[in-house]
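These notes concern the structure reproduced below.
Residue numbers (the numbering used here): 3 to 418.
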């Protein structure tokens, strides 16, 4: 297999990327890229195409809007290989418990000339324990134009655990569809006139032309219920990001059980410019009519730090792994300090403290997983807290803690 001139040899970065944070903690980010891809669907031959991917995301304390489009240009012209639009809402938690609701519309290319659209609504409750936790939810999904069993509740569940800048997540998703079967068919067959001789008495018997109806009585379809398992491992350093997915799809109808895996690696070359490589095997969409495929892609992306790596499952509740502060400028009476917090997979990070009357201050993501802001602090001991994705206010990691006036804890920061 090789990349043609419409593939890697013409890989260019196009578009613009922006990341704007407001006082309310909302942040909008956009990215675009161009590269080459070779893929093989099912048992077909390998084919090459130019690949363009665009992302846009609006992150806030308690909500997130996400849109992406993966467009391929090859022998069949422009084709939307995969498009997603989803909305996530997650209000303030109740202690360690948090409710989450998501709505998602996803469009797949089933063949070079046809697509399939799937809509999903899901509600889940997540429980956080230290740097990990789990979630349990119900979902309903519908594929337009499919002979499915109607909208019925489906069980979804998962676990996650964070180890430094690495996040591990395991989830199971159930699906239901009516598959197989064969419709009844019939058609008329014209039997020509013919004659035959009776071997007993030697008489000739003549058969006139006639019409005979033949057909197939068909076979009923079957309602299938199955669960897919998927594990995700994400890791982020200052300039590198790795994201791996591994899954098990059980035998469904005539589709055999399969194991699949795919991975994506990102290296930041310059501010807002990254090299992205991905490859692996995509599972078949049993009830969508999409075959399994293998692919390899390489390209350049113009992107802010927020969109360097794919977003984790919406129910994962990230937490800070480190907190640091350094003096930037100022005198002994008042100085500017840069506060840095490492939080993998966050969409919003905020600080508050007695230095500004406990008003929330939004941080911005300067590097993948690294959130920063500049504060003006006077010498002395300051009390402060932080929260991620609108979760509970907690003391930053590494700081001494003390009780506050509301039966909680705050971090103590000493400024010299």
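C-beta atoms are modelled at their ideal positions from N, C-alpha and C, and glycine is treated no differently.
Note that the structure is a prediction, hence the values are computed from the model and not measured.
Residue 379 sits close to residue 337, with the two beta carbons spaced by under 8 angstroms.
Nearest to residue 97 by alpha-carbon distance, out of 340, 410, 236, is 410. Inside the stretch 57-126, DSSP marks whole beta strand (DSSP E) runs of 3 or more residues at positions 65-76, 79-91, 99-113, from first to last along the chain.
A direct Cα-to-Cα measurement between residue 203 and residue 191 gives close to 31 angstroms. Annotated as distal: residue 263 and residue 269, with beta-carbon spacing of 8 angstroms or more. Annotation: the continuous beta strand (DSSP E) that includes residue 36 extends over 29-43. Here the C-alpha atom of residue 318 lies approximately 8 angstroms from the C-alpha atom of residue 171.
In the DSSP assignment, residue 396 forms a beta bridge with 388. The way I'd put it, the stretch 304-323 doesn't touch the stretch 281-294; fewer than three beta-carbon pairs between them come closer than 8 angstroms. If you ignore the 5 residues before and after residue 219, its C-beta comes within less than 7 angstroms of the C-beta of 186, all in its own chain and listed in chain order. An exposed status is given to residue 47, since fewer than 16 other beta-carbon atoms sit within 10 Å of its beta-carbon. By the neighbour-count criterion, in which a residue is buried when 16 or more other Cβ atoms sit within 10 angstroms of its Cβ, residue 83 is buried. When the Cα atoms are used, residue 158 and residue 222 turn out to be separated by approximately 29 angstroms. Residue 366 has its alpha-carbon roughly 21 angstroms from the corresponding atom of residue 356. According to DSSP, residue 165 shares a beta bridge with 168. Residue environment: residue 328 is assigned as exposed (fewer than 16 neighbouring CB atoms within 10 Å of its CB, all protein chains considered).
In the three-state scheme derived from DSSP, where H, G and I count as helix and E and B as strand, residue 307 is classed as helix. Secondary structure at residue 357: coil, using DSSP grouped into helix, strand and coil.
Each of 214, 177, 160 was checked against the Cα of residue 154, and the nearest Cα belongs to 177. For the beta strand (DSSP E) assignment, the uninterrupted runs of no fewer than 3 residues enclosed by the stretch 206-285 are, from N- to C-terminal side, 206-209, 212-218, 224-238, 242-251, 260-272, 275-284. Cβ-Cβ separation between residue 86 and residue 106: approximately 7 angstroms, consistent with a contact (criterion under 8 angstroms). If the five residues before and after residue 189 are omitted, its C-beta is found closer than 7 angstroms to the C-beta atoms of 216, 217, all from its own chain and listed in chain order. Within the same chain, 193 come within 7 angstroms of residue 212 by CB-CB distance, once the 5 residues on both sides are set aside. Restricting attention to 138, 125, 312, the CA atom closest to the CA of residue 245 is found in 312. 307 is the residue among 343, 414, 307 whose C-alpha sits nearest the C-alpha of residue 29.
Residue 271 and residue 73 have their C-alpha atoms spaced approximately 24 angstroms apart. 8 angstroms or more divides the Cβ of residue 255 from the Cβ of residue 62. Taking the Cα of residue 110 as reference, the smallest distance to any Cα among 133, 201, 100, 146 is reached at 146.
In the three-state reduction of the DSSP assignment, residue 369 falls in the strand class, which pools E and B. Rounded to whole angstroms, the gap between the alpha carbons of residue 330 and residue 70 is 38 angstroms.
Per the DSSP secondary-structure output, residue 322 pairs with nothing in a beta bridge. The beta carbons of residue 384 and residue 417 sit about 6 angstroms from each other, so the pair counts as a contact at 8 angstroms. Between residue 128 and residue 161, the alpha-carbon positions lie close to 9 angstroms from each other. With respect to residue 282, residue 267 sits apart: the two C-beta atoms are not nearer than 8 angstroms.
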